[in-house]
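Everything on this sheet refers to the single structure shown next.
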Amino acid sequence: MDQLHAPLLDQQTAAQIAEFIALKVYSLWHQRDFVSLSLDPTPQALKFMESMIRLFQTIRIPPSVPTVAMYYISQIKFMYPTLSGGPGSEFRLLVAALMLSVKMLLDQSPTNDLWQQMTDIPLQELNKSEREMLQLLHYNLDLDPLRYQHWAKQISQELQEYQHLIKLSADLRKPKLSITVSNPYLSPVHSPVYPISLF
Numbered sequence: 142m143d144q145l146h147a148p149l150l151d152q153q154t155a156a157q158i159a160e161f162i163a164l165k166v167y168s169l170w171h172q173r174d175f176v177s178l179s180l181d182p183t184p185q186a187l188k189f190m191e192s193m194i195r196l197f198q199t200i201r202i203p204p205s206v207p208t209v210a211m212y213y214i215s216q217i218k219f220m221y222p223t224l225s226g227g228p229g230s231e232f233r234l235l236v237a238a239l240m241l242s243v244k245m246l247l248d249q250s251p252t253n254d255l256w257q258q259m260t261d262i263p264l265q266e267l268n269k270s271e272r273e274m275l276q277l278l279h280y281n282l283d284l285d286p287l288r289y290q291h292w293a294k295q296i297s298q299e300l301q302e303y304q305h306l307i308k309l310s311a312d313l314r315k316p317k318l319s320i321t322v323s324n325p326y327l328s329p330v331h332s333p334v335y336p337i338s339l340f
């Protein structure tokens with residue numbers, strides 16, 4: 142799997158990818174529209190995003206790991222479309238998928254004890270989540286190179302679309318500046334005001 146390895150993510154990129162993947166997993170797991178959730182995330186989704194940003198900045202993993210984790214989750218949803226969990230279950234789901242992805246892709250991976258320290262999820266619960274995910278995947282963690290390449294390309298495109306969407310949303314929320322332009326030949330009472338949009 143050496144072709145899947147890539148340089149470690151820098152802090153800013155890790156945060157962006159963590160935010161994107163958290164929203165993707167949340168929308169997939171709870172059957173919510175991704176675009177609507179991106180523009181107006183629920184409090185639970187925001188909490189999940191913040192947790193994943195902290196985790197990604199702590200563990201410093203190559204981009205292939207979250208991509209494969211997303212792949213595993215999508216496979217589970219494909220095989221069991223009605224499967225979902227209660228509030229907060231998305232965090233355990235993604236952590237379990239990341240644990241399996243790290244073990245699959247990297248020669249050296251954190252122990253479950255270390256994952257427990259990084260996530261504050263009790264060790265027994267972590268072990269259970271990992272076992273349940275393996276069962277749902279029928280213990281098949283192999284990646285078909287062509288399917289993986291297609292998946293990685295799709296996720297990369299969706300990440301770019303998400304970043305564009307967020308930038309567009311931020312631009313639309315920027316206040317328009319109004320600049321007062323005074324003409325010395327007019328009295329102050331009649332000074333015209335020209336709204337000038339600088340953004």
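Residue numbering for the sequence shown follows the working numbering, starting at 142 and increasing by one per position.
Note that CB positions come from ideal geometry on N, CA and C, so glycine has one too.
Rank the options by C-alpha distance to the C-alpha of residue i and give the top, closest one.
| i | options | result |
| --- | --- | --- |
| Glu273 | Arg173, Gln295, Met240, Gln198 | Met240 |
| Ala159 | Tyr303, Lys308, Arg288 | Tyr303 |
| Leu264 | Ala237, Gln290, Lys218 | Ala237 |
Go ahead and label residue i buried or exposed: buried means 16 or more other beta carbons lie within 10 angstroms of its beta carbon, across all protein chains shown.
| i | result |
| --- | --- |
| Thr208 | buried |
| Ser297 | exposed |
| Pro228 | exposed |
| Leu284 | buried |
| Ser230 | exposed |
| Pro204 | buried |
| Thr260 | buried |
In chain order, what residues of the same chain lie with their CB nearer than 8 Å to the CB of residue i, ignoring the 5 residues before and after it?
| i | result |
| --- | --- |
| Gln172 | Ser225 |
| Leu234 | Val166, Trp170, Ile214, Gly226, Ser270, Met274 |
| Ile162 | Met193, Pro207, Ala210, Met211, Leu235 |
| Leu306 | Val176, Ser179, Leu180 |
| Asp254 | Leu264 |
Sorted by chain position, which residues of the same chain lie with C-beta nearer than 7 Å to residue i's C-beta, five sequence neighbours on each side aside?
| i | result |
| --- | --- |
| Gln168 | The amino acid at residue 168 is misidentified as Gln; the sequence shows Ser. Closer than 7 Å at Cβ, skipping near neighbours: Asp174, Phe175, Leu178. |
| Ile262 | Arg233, Val236 |
Looking at residue i: is its Cβ nearer than 8 Å to the Cβ of residue j?
| i | j | result |
| --- | --- | --- |
| Ser242 | Ala210 | yes |
| Gln216 | Leu278 | yes |
| Pro182 | Leu196 | no |
| Leu267 | Gln257 | yes |
| Leu282 | Met245 | yes |
Excluding the 5 residues flanking residue i on each side, which residues of the same chain have their C-beta closer than 6 Å to its C-beta?
| i | result |
| --- | --- |
| Gln157 | none |
Report yes or no: do the stretch 180-190 and the stretch 210-219 share at least 3 C-beta pairs separated by less than 8 Å? no
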